[in-house]
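Under my numbering, the first residue of the sequence shown carries the number 146, and numbering increases by one thereafter.
Structure first, then comments.
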Amino acid sequence: MKGGITSGVVYPLAVCELAQDYRFKCVGGTSAGAIAAAATAAAEYGRDKHGFRQLASLPDELGHAGRLQGLFQPERSTRRVFAVLTGNLESGIWGAVRAAWFGNFSLALIGALPGVGLLLLSIDYCTGQDWNGALTWAGCLVGGFAGLGVALLGAAGAVALRLGHVLARHVPDNGYGMCSGMVPDRSGRPGLTPWLTELLEKCAGRASRDPLTFGDLWAGPETGADPRNPPPAGKRFVELEMMTTNLVNRVGKRIPWDEGGWYFHPDEFRGLFPEHVVRWMEAHPPEMESGRKGQRSALHRAQMLPRLPLPDAKDLPVVVAARMSLSFPVLLSAVPLWSFDYTRPQTAEREKAWTDWLQAKPKDWLVPCGRPETWPYDGLPPSSPEGEQCWFSDGGISSNFPIHFFDRLIPGRPTFGIDLRPFPLEKEPDHEDQAKNVTMAHDNGDGYQRWWYRFPARPRRALIGDTRLFAFLGAAVKTMQNKVDEAQMRAPGYRDRVAHVEMDKEEGGLNLNMERELIENLSLRGREAAGLLRRAYTAGYDSGRIITWDNHRWVRLRSALAVMEQMHGEFAEGVRGEGDGVEGGRTYQELIWRPDDDAPKSYKLRSDPRRRRAEDELERIRDLGSGPGAKSMMNGAPKPTPRGRIVPKE
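Right, dumping it as structure tokens:
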């Protein structure tokens with residue numbers, strides 16, 4: 146499910162439509178799509194307790210006046226900037242100006258004082274003149290207009306400085322966001338994160354005060370299912386994955402992850418999540434390994450105090466992952482996690498000193514509690530490595546439509562995508578029939594064309610001038626954000642399983658104040674999009690449709706065979722080269738059978754059966770990639786031809 150902040154209202158009825166024919170085994174999304182994905186997984190978990198009925202009521206709940214916008218509550222220190230944002234969303238640039246003026250009225254008056262003083266001096270001067278000469282009239286007019294101009298510039302400058310100070314100081318202090326997702330005061334209205342926590346529990350049909358975890362989803366609701374010991378991947382009740390973006394390391398990451406070495410600060414998390422969620426995380430650290438690895442892990446935990454290790458994936462609350470995915474920059478606070486930066490020489494040196502110290506201890510020595518500097522031992526290294534913050538922001542920054550989630554080369558079950566995009570040129574939204582506002586492929590050629598996202602055709606004037614430059618810069622950012630997803634969506638076997646919901650600029654996105662009717666229309670649009678997928682993929686093979694489940698599987702097979710042929714050919718070419726042009730290069734067979742004490746000493750196959758298997762696979766793949774000629778699977782394969790390549794795991 147694609148991201149888009151308030152665009153998530155599209156998904157609840159779409160999910161409920163699909164739930165009539167399908168059970169959800171794998172659900173994924175990013176940003177607002179991550180919230181919808183989490184709610185879908187929870188509803189599947191609580192299917193027998195009316196989970197989807199609870200989900201279906203969501204558009205009606207959010208349709209109440211101000212309810213959607215009320216979930217986004219700014220901190221006291223960022224309210225002035227948030228008011229400007231909402232003013233702009235409601236009434237454009239003049240709404241932003243009004244919010245800036247009235248939100249900083251006293252400061253604007255102070256900024257206007259020099260101009261007011263100049264105006265008063267001009268009035269005082271003019272009242273003492275006889276008004277007979279043209280110079281007198283000109284001087285008074287110039288003085289009056291100058292005073293007014295200075296007053297307006299002073300007021301605008303003072304307000305701009307205040308807002309700039311809030312953006313530069315208070316927004317970073319609040320985790321680089323105006324809203325934390327919690328309730329900053331006793332307004333009585335639910336904040337986004339507490340509301341989402343409660344929604345997940347309601348959809349899951351749980352009465353427990355413990356938060357819903359990934360282990361719960363994996364184990365399922367059956368009596369006796371153990372979330373602390375869930376089944377392995379492929380046999381889980383429901384898989385849930387989301388995208389987040391680590392801005393410090395500049396990488397997109399799937400949640401949940403198996404990677405260790407991440408820590409959270411309970412006090413920081415209490416500003417972002419409900420108390421019972423943080424208490425759960427405090428009480429469920431990852432299981433400790435034995436031996437030297439366990440000692441080293443315990444040492445790192447001690448060095449990182451008062452920060453605590455992030456729970457294992459099975460114990461991670463779903464709401465934490467969803468909130469990490471929905472951290473729209475500047476609007477919502479990013480989520481901080483901590484780790485060690487071993488690329489920093491000081492950290493690497495300190496780590497080595499502690500590792501050497503630890504090696505002198507017995508393997509069964511227990512690392513004591515507390516920070517290492519409090520340990521009662523002589524000869525301790527003088528200082529410990531220092532943990533550093535990583536900020537996790539919106540998943541849409543790195544992948545706004547992760548349609549590649551859960552994919553295998555040959556599909557065993559259909560995987561659907563729901564895309565959100567603007568209306569094409571010369572097409573207007575149909576407010577009477579929402580089915581006309583959604584599309585999907587009807588034959589194998591549909592969706593091959595690239596979608597167009599145009600700049601303004603003519604200069605649109607704003608208070609600060611022409612807006613075309615801002616459209617250009619916005620397009621640059623969105624291209625960096627979506628280029629991989631857009632390319633993936635055109636690939637054969639992808640474009641035929643995506644339903645597109647078309648939206649105009651007043652719908653979804655950052656429009657926090659959408660009217661009830663608009664929310665209802667978007668929800669119905671989502672249901673119609675899911676209906677297109679449902680009817681296509683539940684049709685029989687003789688239904689007369691082109692896009693069917695069997696057609697999809699055949700397209701994926703034809704495409705996969707072409708990709709495998711391309712990869713086999715490149716493999717065979719590399720093997721035939723056998724180190725050509727590189728002095729001293731040995732054949733791959735020689736590398737496979739090199740003695741254990743021979744270089745290179747990395748990643749060796751240390752038994753003859755493994756060496757024979759590697760040699761056998763090498764020969765078979767080389768034979769497969771040797772000149773298919775007229776028998777090539779590339780001939781007549783679906784277009785555009787995908788390319789197989791090795792990429793790192795997210």
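Ideal placement from N, C-alpha and C gives every residue a C-beta, glycine not left out.
May I ask which residues mark the beginning and end of the alpha helix (DSSP H) holding residue i?
i, result
"Phe227", "Arg224 to Gly248"
"Leu614", "Arg613 to Arg635"
"Ile563", "Segment Gly562 to Pro567 is the beta strand (DSSP E) holding Ile563; no alpha helix (DSSP H) there."
"Gln440", "Gly436 to Met449"
"Glu427", "Glu420 to Ala428"
"Pro157", "Tyr156 to Leu163"
"Ser668", "Arg661 to Tyr682"
"Leu213", "Arg212 to Gly215"
"Pro574", "It is not in any alpha helix (DSSP H) - Pro574 carries neither H nor E in the DSSP assignment."
"Pro411", "Pro411 to Arg415"
Do the CB positions of residue i and residue j come within less than 8 Å of each other?
i, j, result
"Pro259", "Gly302", "no"
"His429", "Pro559", "no"
"His421", "Arg452", "no"
"Pro567", "Tyr598", "yes"
"Glu386", "Arg373", "no"
"Asn589", "Val700", "yes"
"Ala621", "Pro601", "no"
"Glu647", "Val583", "yes"
"Val383", "Tyr522", "no"
"Gly770", "Ala717", "yes"
"Lys459", "Pro375", "yes"
"Val261", "Ala296", "yes"
"Val830", "Arg767", "Missing from the structure shown is residue 830; the chain here goes from 146 to 795 and no further."
"Pro637", "Lys784", "yes"
"Lys121", "Leu461", "Outside the modelled stretch of the chain, which goes from 146 to 795, sits residue 121, for which no answer is possible."
"Leu362", "Ala210", "no"
"Pro454", "Tyr487", "no"
Who are the Cβ neighbours of residue i in its own chain at under 7 Å, not counting the five residues just before and after it?
i, result
"Ala245", "Val229, Val304 and Leu308"
"Lys194", "Gly350"
"Gln633", "Ile548, His549 and Tyr639"
"Ser325", "Glu220, Asn319, Gly416, Leu417 and Ser478"
"Leu444", "Trp499, Leu503 and Val512"
"Ser267", "Cys285, Gly288, Gly289 and Gly292"
"Leu706", "Met778"
Who are the Cβ neighbours of residue i in its own chain at under 8 Å, not counting the five residues just before and after it?
i, result
"Gly439", "Met433"
"Asp166", "Arg679 and Thr683"
"Gly397", "Met388, Thr389, Thr390, Asn391, Gly540, Ile542, Ser543, Ser544 and Glu795"
"Leu213", "Thr151, Val154, Leu207, Leu657, Asn658, Met659 and Ile664"
"Val316", "Thr223, Val226, Gly322, Met323 and Val475"
"Leu669", "Leu158 and Gln579"
"Val328", "Gln218, Arg334, Pro335, Gly336 and Pro339"
"Asp509", "none"
With residue i as the anchor, note down where its beta strand (DSSP E) starts and where it stops.
i, result
"Glu647", "Val643 to Met648"
"Val512", "Where Val512 is concerned, there is no enclosing beta strand (DSSP E), given that its DSSP letter is neither H nor E."
"Gln504", "Gln504 -> not in any beta strand (DSSP E); alpha helix (DSSP H) instead, spanning Pro490 to Gln504."
"Gly541", "From DSSP, Gly541 is part of no beta strand (DSSP E); its letter is neither H nor E."
"Gly397", "Val396 to Ile400"
"Ser470", "Run containing Ser470: none in the beta strand (DSSP E); it sits in the alpha helix (DSSP H), Val463 to Ser470."
"Glu386", "Glu384 to Asn391"
"Trp483", "Val480 to Ser484"
"Val475", "Val475 to Leu477"
"Val792", "Note, Val792: premise wrong, no beta strand (DSSP E); not H, not E."
"Met585", "Val583 to Met585"
Can you find the residues in the same chain that come closer than 6 Å, C-beta to C-beta, to residue i, ignoring five residues on each side of it along the sequence?
i, result
"Met426", "Pro456"
"Pro419", "Pro339 and Thr342"
"Ile798", "Since the first residue shown for the chain is 146 and the last is 795, residue 798 is missing from the structure and cannot be characterised."
"Gly562", "Ile548 and Val643"
*Note down, one range per segment and in chain order, each alpha helix (DSSP H) of at least 4 residues found wholly within the segment 286-368.*
Here the runs fully enclosed are 337-349 and 359-364.
*Touching by the beta-carbon criterion (3+ pairs, under 8 Å), the segment 438-448 and the segment 347-363*: Remark: fewer than three beta-carbon pairs, one from each stretch, lie closer than 8 Å, so the segment 438-448 and the segment 347-363 are not flagged as touching.
*asked:* For the segment 478-495 against the segment 530-537, do three or more pairs of beta-carbon atoms, one drawn from each stretch, fall closer than 8 Å, so that the two count as touching?
replied: When C-beta atoms of the segment 478-495 are compared with those of the segment 530-537, three or more pairs fall below 8 Å, so the two segments count as touching.
*Taking only runs of the alpha helix (DSSP H) that begin and end inside the segment 175-205, which ones reach a length of at least 4 residues, in chain order?*
The qualifying runs are 177-190 and 196-201.
*Could you tell me whether the segment 711-720 touches the segment 196-203, where touching means 3 or more Cβ pairs closer than 8 Å?*
Contact between the segment 711-720 and the segment 196-203 is absent: fewer than 3 CB-CB pairs across the two stretches fall below 8 Å.
*Decide if the segment 231-251 is in contact with the segment 333-350; the criterion is three or more beta carbon pairs, one per stretch, under 8 Å apart.*
The answer is no - the segment 333-350 does not touch the segment 231-251, with fewer than three Cβ pairs under 8 Å.
*Counting pairs of beta carbons, one from the segment 671-678 and one from the segment 729-745, are three or more of them closer than 8 Å?*
As far as the Cβ criterion goes, the segment 671-678 does not touch the segment 729-745, which means the pair count is below three.
*So, do the segment 513-531 and the segment 488-496 have three or more beta carbon pairs nearer to each other than 8 Å?*
Judged by Cβ distances under 8 Å, the segment 513-531 makes contact with the segment 488-496, as three or more pairs qualify.
*Go through the segment 707-773 residue by residue and report every complete run of the alpha helix (DSSP H) that reaches 4 residues or more, in order.*
Segments of the alpha helix (DSSP H) lying fully in the segment 707-773: 733-737 and 753-769.
_Would the segment 174-189 count as touching the segment 459-474 if we require 3 or more Cβ pairs under 8 Å?_
With the cut-off at 8 Å, the segment 174-189 and the segment 459-474 touch.
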